[in-house]
Every structure is written in C-alpha cells, then in structure tokens.
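First up is the structure itself, then whatever we jot down about it.
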Amino acid sequence: MKIYLKFKSYNKRICKLLQLFKLEHDQNCSMGLLINHNSLELYNRDNVNQKPIKVDFTSKKNHYRCHHFRRKNEVLYRVSGIKNSYFPTVLDATAGLGNDAFIFSFLGCKVIMIERHPIVAALLKDGLQRGYQDKKIGHWLQTRLHLIVNDSLKMLEIPILQPDVIYLDPMYPFYHKKSLPKKDMQFFRQLIGHNYDSKKLLEVSRKLAKNRIIVKRPYYAKPLSEDKVNHIVTTRNHRFDIYQPF
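The sequence shown begins at 871 in the working numbering and counts up one residue at a time.
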C-alpha cells in the first residue's frame, strides 16, 4: 500500500514494520506516516496542525481509566462475562486502534486482535512493541494482548483457539442529526472507509464464538442483524448488543 512517508528520524525497528506491511512512499498521498525516534504516527498532510494518530497503550487516558477502574462503571467488564476467577478469551475482530482490546486485557482477559488494513496494523504493531517494553504494563501486556494481521471474515480459516467472546466494533454509520466526529476520527474514517461487510462478520462470528458476541453500536444505530438480540447494555452514547452463537 502506498502512503506518504516522512522520516523525522531513522528508526530501524519502524523501518522493519514498513517493510513487513509493504508500505511504499507516495509523494501525492494526502495521508502520511511520520516516523519518529520511537513511534509511528498517522497524520493529515492537508492539515498539518491536526493532531496525528498513534497507538499508545501507555497513554494518560489509558492510565486514568485503569487507575480509576470500578466494576459497576466499566461497561466492558459488564458485557464481557467476567465472573470471579473466570476470564474469557476475547477475539477483537475489528481491532482499529486497539482501545477496547487493551481494556479487555487489563481486565484479565487474553485478547487477540485482528486487523486487515495494513496501515492500521502497522500502527497497532508499533504500539504493541512499545507497550511490551514498558516497565509498568509490559509484563502482562505480552501475555494477554496479541495481533493477527488478516481479514476477520476469514476467521474460521485462521488457526486459532475458539474464543469465548468475539467483540465487534464496526465503523459507526453517519447520522444527519448528530454532529460529526472529531477531526482526527473523521480522518481515520477516511483511511478505513465504510464497513459494508459488518452483517456478514456478525454471522461468521456467531459460528466461531463459544459463549457470546458483543457488538458495540452508537445509541442511534440499528442492530446489525434482524435476529433477536439476546441482551442489551446501554451507556450514554453507546449500545452493546449481545448475541448467542449459532
């Protein structure tokens, strides 16, 4: 895949990632990857003042969410099925920037992320490699959070253990009565595109998961399936539809 590559400093580790995901320089691309001395960042060449996007599992936001964790307030704990000493294995089939996958792993679950977009996968891989080296979280992150670069629609063909839970967070549909997402997320949408195969992904997930499939949706969106939703958990802005496997 072609993208504009800007080297702020040479980083051997990140250069290997660029080769691994076959990312090539394109002078005319509006999206760019900024190679810093220790991280890989996606930025908008049409708006250089816009904050770049990177995967940072050690961010202040993650630190705050983990430090202030309360069972009754953490929706991912409530929908995951965690009970006492039972920590389900989770397959995040729409990994994105890995935010929810990280929280599942923090809660004690072993999580496999699947991401098919090579640029997003490179950002995730970079974030994981840095996270694994962190003195505070690296020891448990290496055990609980891993990445597979593939198309989730092919998950039945991927040689992985059958997960207890499959988590789906497809790109949200636009809603004309709702304000647009933040500019950085609009830019990320531009990179990813629309999820036209979300319904199919749910069907495949229901053939693989042992216990449940969790679908994260905005409060205004319709369910992905016409089948009955077995359980629903709502927050102020989101809805979590829980389906049983076939």
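Positions of the beta carbon are idealized from the N, C-alpha and C atoms, including for glycine.
Nothing here was measured: the structure is a model prediction, and the numbers come from that model.
Asked: Burial state of Gly-902 (16 or more Cβ within 10 Å); Found: buried
Asked: Straight-line gap, Leu-1011 to Leu-998 (C-alpha atoms, nearest Å); Found: 8 Å
Asked: Leu-912 - containing beta strand (DSSP E), residue span; Found: 910-914
Asked: Ser-1049 versus Lys-1005 - alpha carbon distance; Found: Note that Ser-1049 scores a pLDDT of 49, beneath 50, so its modelled location is shaky; the value from the coordinates is reported in the next line. Rounded to the nearest angstrom, the two C-alpha atoms are 40 Å apart.
Asked: Buried/exposed call for Phe-939, threshold 16 Cβ in 10 Å; Found: exposed
Asked: Status (buried if at least 16 other CB within 10 Å, exposed otherwise) for Asp-1140; Found: The structure shown has nothing for residue 1140, since the chain only spans 871 to 1116.
Asked: Glu-944 vs Ala-965 beta-carbon contact at 9 Å; Found: no
Asked: Rounded distance between the beta-carbons of Tyr-1113 and Val-1085, thought under 8 Å; Found: 7 Å
Asked: Local conformation of Ile-1062 per DSSP, three classes; Found: helix
Asked: Cβ shell of Ile-873 (< 7 Å), same chain only, five flanking positions each side left out; Found: Leu-893, Asp-896, Cys-899, Met-901, Gly-902, Leu-903, Ile-989
Asked: Neighbourhood of Asp-996 by C-beta, 7 Å cutoff - its chain only, sequence neighbours within 5 removed; Found: Ile-884, Leu-887, Ser-909, Leu-910, Val-925
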